[in-house]
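S.K.: In the numbering used here, the protein residues as written are 1076 to 1272. Glycine included, each C-beta is placed from N, C-alpha and C at the ideal position.
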Amino acid sequence: MLEQVTSGLDRILQGVRTGSLWLARAGGLLILLTVILVTIEVLSRQFFGRSNVHATEITGYVMAISTSWAFAYTLMRKAHIRIDALYLKFPVSVRGVLDLVALLSLALFCVLVVGAAFGVTEHSFSGGARANTPLGTPVWIPQALWFLGLVWFSIAVVLMSLRVLLGVIGGHVDEVQWLAGSPTLDEQISDEKGETN
1076 MLEQVTSGLD RILQGVRTGS LWLARAGGLL ILLTVILVTI EVLSRQFFGR
1126 SNVHATEITG YVMAISTSWA FAYTLMRKAH IRIDALYLKF PVSVRGVLDL
1176 VALLSLALFC VLVVGAAFGV TEHSFSGGAR ANTPLGTPVW IPQALWFLGL
1226 VWFSIAVVLM SLRVLLGVIG GHVDEVQWLA GSPTLDEQIS DEKGETN
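1. When you compare only the Cα positions, how much space is there between Gly1246 and Leu1108?
2. Does any residue of chain C bring its CB to less than 7 Å from the CB of Pro1213?
3. Give me the DSSP bridge partner(s) of Pro1213.
4. Looking only at its own chain, which residues have a Cβ that is under 7 Å from the Cβ of Val1226, when we skip the five neighbours before and after it?
5. Taking the straight line between their C-alpha atoms, what separation do you get for Arg1205 and Gln1218?
6. Look at the Cβ atom of Ser1095, then the Cβ atom of Gly1224, and state whether they are nearer than 7 Å.
7. So, at 6 Å on beta carbons, what are the nonlocal neighbours of Leu1210 in its own chain, with the 5 sequence-adjacent residues on each side left out?
8. Run the CB neighbour count on Ser1265, radius 10 Å, all protein chains shown included, and call it buried at 16 or more, exposed below.
9. DSSP three-state call for Ile1087: helix, strand or coil?
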């Protein structure tokens, strides 16, 4: 029974990994587009003395959106910053429990952040709030895209937490380490070599 649930969660997490990769790529594409906008604005100001691009406002929105869209990918790649000076000295079973505690803490944080983000977005939408800028952007649009990234990240954290919990309960410490553990220096080097090949 536990193996069937674990296997199902692994398939779902693979889908989350794929979706997270595409969201991160979309965020990267948005950043590239803002680079083009900023370049156009700078050239326009240089040659014509003015610009109607409004890159500053758009860049602020894109940074918030692309950052939230990359959170889940960063989680799946185990790339969040960790302070693991003591962590790597513990036995693998203890590390698994610490990984679970870290993920559950992150899940609690996500619940609070998503709740607050929903409140902000809903308030902006219902109040018809617009940016106090020449563009007059309805702020609920970038807020909704930012909120989407936070929701996706929360789904990823909850599913990963559940999977790690089942791994800890089942005594599959190697799986837990592979899923959520802080990578050792050797694992980071082999991962980098794998990406360059």
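M.R.: Considering the structure as presented:
1. To locate residue 1246, count along the sequence shown from 1; it is residue 171. To locate residue 1108, count along the sequence shown from 1; it is residue 33. In a straight line, the C-alpha of Gly1246 is about 47 Å away from that of Leu1108.
2. Going by chain labels, chain C is absent from the structure shown, which holds only one protein chain.
3. As a working mapping, residue 1213 is identified with position 138 in the sequence shown. Note: Pro1213 sits in a beta bridge opposite Arg1205.
4. Your numbering for residue 1226 matches position 151 in the sequence shown. Non-local C-beta neighbours of Val1226 in its own chain, meaning closer than 7 Å and more than five positions away in sequence, comprise Val1189, ordered along the chain.
5. Position 130 of the sequence shown holds residue 1205. Position 143 of the sequence shown holds residue 1218. When only Cα atoms are considered, Arg1205 and Gln1218 end up about 11 Å apart.
6. Here residue 1095 corresponds to residue number 20 of the sequence shown, with the count starting at 1. Here residue 1224 corresponds to residue number 149 of the sequence shown, with the count starting at 1. Cβ atoms of Ser1095 and Gly1224: not closer than 7 Å.
7. Your numbering for residue 1210 matches position 135 in the sequence shown. Around Leu1210: His1129, Glu1132.
8. Reading the sequence shown from its first residue, position 190 is the one you call residue 1265. Its Cβ having fewer than 16 others within 10 Å, Ser1265 is exposed.
9. Position 12 of the sequence shown holds residue 1087. Ile1087 falls in the helix class under three-state DSSP.
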